[in-house]
Structures are given as structure tokens and as C-alpha cells.
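Each residue of the sequence shown is one higher than the one before, counting from 1 in the working numbering. What follows is one structure encoded as C-alpha cells, with my remarks underneath.
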Amino acid sequence: MGLSSETLSNLFSSPTAIIAGLIGLFCLLNLKSLPFFWHLRIISAFTQHRSTSFNHNPSDTLNLSKHLHTPLLFRPLITTTRCSILEIDYVLHKSNSTYLTDLDISRVHLLLALFKNGIANLQKNEYAAGKKKTVMPVLGGVSVSFRRAIPPLQKYDVVTRVLCWDEKWIYVVSWFVKAGYMGGTKKKKEKESYGSSNGGSANIAGKQENTESSRPIFPKNVYATSLAKYVIKAGSVTVKPESLIVAGGLLPVGGSNEAKGARAIIEKERLRALKYGTAFSQLDGLHGELDVDVDTLGFFRDLV
């Protein structure tokens with residue numbers, strides 16, 4: 001026998017039903033902040049990239065006539081998310097600490113998109129040599145510079161790409177930007193930029209030609225910028241980043257004019273951005289700045 005409309009009305013208007021509905025709504029608005037949901041986001045990334053494969057043939061992906069300015073290796077990947085209620089701090093915007101979890105997800109997507117083939121090939125070489133060591137990227141450091149606050153429930157994109165690499169580290173840069181910003185036009189982005197005292201020329205990436213009396217132009221819709229570094233490990237052995245890049249078909253080899261031209265473009269961009277990676281790695285020296293013999297201000301207990 002079905003429930004009468006009066007019974008249903010009483011059921012859904014009862015205090016228990018109202019409380020349950022509010023709890024359900026709260027959980028829905030805070031899914032990304034619930035226990036173990038970070039793990040589900042990581043699993044989702046792996047699931048998506050199992051069926052997604054880029055063509056890593058250098059003759060196609062690095063063709064100079066097609067991708068003169070954007071080799072596959074330096075193309076950004078975009079993830080979209082929203083600031084949940086549980087992520088806000090005491091000034092009612094996205095807490096600084098919560099940026100790191102979004103960065104984890106975005107960087108995992110990038111590593112899978114670009115390097116899963118290279119890691120698989122290096123893994124095969126390890127197995128073929130009888131070493132059977134697991135090849136994997138390991139996060140060695142991350143920094144975040146904040147520019148603008150992200151309000152509660154604000155939707156935003158995390159734009160992530162390879163910045164450069166050296167003999168040990170692969171440096172990955174990420175930007176938190178207004179949702180859909182990367183899909184806008186160059187003219188619109190230049191109009192929304194700010195920060196130049198002399199109105200220098202800005203390009204789509206928010207950069208400006210260097211002059212003696214000019215300051216950099218930064219897009220208004222950039223909320224924060226992050227730099228991270230990864231080391232590639234085969235067991236306890238460090239793998240040079242270039243070995244991974246070549247193994248994944250992202251850096252052409254051979255003596256053809258096309259391969260040489262593509263390598264020159266990639267190397268020019270790598271060297272241009274390496275100053276940021278070098279400066280970031282120099283921060284490792286701060287580990288030695290800790291002085292355990294100084295007088296302290298005291299010891300204080302946290303809540304937990």
C-alpha cells in the first residue's frame with residue numbers, strides 16, 4: 001500500500017528529514033573536502049588517462065610548421081574545480097593550505113598525460129636488464145605565490161605545464177586562474193591585464209617585452225602561481241629528466257633538419273625558464289639555516 005500525500009508531507013517536513021537534507025546539501029557542497037575524496041580524485045585521474053593517449057611521435061607532435069610555438073612538452077593541461085565551504089579560512093576565502101591538494105590533482109594529470117609512455121618504456125628497460133626497479137616521479141618541493149583571493153564556491157581552473165628541467169629535476173609550473181580564462185581571446189586578456197607603468201606590449205601568456213623602464217604585466221585573473229620539482233627514480237637511482245623525455249617521444253633524436261629544429265626550439269625555451277628552476281632549487285640551502293642552539297620564544301601546544 002502506497003504512502004498518502006499527507007504521510008509524505010509529514011515525512012519530508014519532519015525535523016529529522018530537514019536535518020538529513022541539510023547534511024546532504026552540506027556534503028554535496030564540500031565533496032572535495034570530505035575524508036578520502038582526495039584519493040578518489042587521484043584514482044579518477046588514473047582512470048581518465050588509461051583511455052587517453054597523445055601521439056608522442058616526434059615527427060607529428062613537434063612538426064615545426066604546426067607547433068612552432070607550442071611543442072607538446074610545454075603545452076598546458078587544465079583542471080577545473082571549485083572552492084568548497086570547508087576550504088575557506090577566517091577571512092572567508094580559500095585557505096592557503098588547500099591550494100596544495102588542487103595542485104596534487106593537476107600535476108598528476110599532467111604527469112600521466114605527458115610521461116606515462118616514457119615511464120612505461122623506462123620500466124621495460126629496467127625489467128629487460130633484470131633490475132626490476134619501479135620507475136616513478138617523486139615530488140621534491142613546491143612553492144605557491146598568492147595574488148588574489150578565491151571566494152567560497154568560486155569556480156576556477158588550474159593550468160599546469162612543464163616549465164623546464166636540469167640534470168636532476170623536472171620543474172612544473174601551475175597557475176590558478178578564473179574558470180574559462182584560457183579559452184578567452186588574446187585581445188580580451190590584454191585588456192584585463194595590469195601592472196605596466198608604460199603600457200608595454202603583452203602577449204597571451206601575460207608576459208611583456210623587457211625594457212629598462214617597464215614592469216612585468218600580470219593577468220588580472222591569475223589568483224596564484226605555483227612551482228614544483230620532481231625527480232625521476234628507478235628504485236634508489238636517479239634518472240635524468242632528459243632520459244624520460246626522450247623515452248616518451250617528447251624530444252626528437254636523430255640528425256634530420258626537422259629533429260634539430262625541434263630540439264633547438266625546446267632547448268631555447270628550457271634555458272629561458274631555467275632561471276626560475278635554479279632559483280627554486282637554491283632554497284634547499286635553507287635546510288642548513290636551522291640553528292638549534294638559539295634561545296626560543298617558547299613552546300606552545302596545538303589543539304591536537
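Where is the CB? At the ideal position from N, CA and C, for every residue including glycine.
Residue 222 places its beta carbon 9 Å or farther from that of residue 165. Residue 72 is not a Cβ neighbour of residue 106, given a cutoff of 9 Å.
For secondary structure counted as the alpha helix (DSSP H) over 4 or more consecutive residues, the segment 10 to 47 holds these complete runs in sequence order: 15 to 29. Under DSSP, residue 228 shares a beta bridge with 142, 172. Checking the DSSP bridge columns, you'll see residue 156 partnered with 81, 178.
Taking C-beta atoms under 8 Å as the contact rule, residue 229 and residue 171 qualify, at a distance of about 5 Å. Rounded to the nearest whole angstrom, the CA to CA distance from residue 92 to residue 249 is 46 Å. A residue is called buried once 16 or more other Cβ atoms fall within 10 Å of its Cβ, and residue 83 is buried on that count.
One thing to note: residue 101 has its Cβ within 9 Å of the Cβ of residue 32. DSSP places residue 303 outside both helix and strand once states are collapsed to three, so it counts as coil.
Classified as buried, residue 178 has 16 or more neighbouring CB atoms from the shown chains inside 10 Å of its CB. With a threshold of 16 other beta carbon atoms within 10 Å, residue 20 falls short and is exposed.
Residues of the same chain with a CB within less than 8 Å of the CB of residue 284, apart from the 5 flanking positions on each side, are 141 in chain order.
If you look at residue 278, you'll find it in the alpha helix (DSSP H) that goes 257 to 282. Annotation for residue 148: 223 place their beta carbon closer than 6 Å to its own, counting only its chain and skipping 5 residues before and after.
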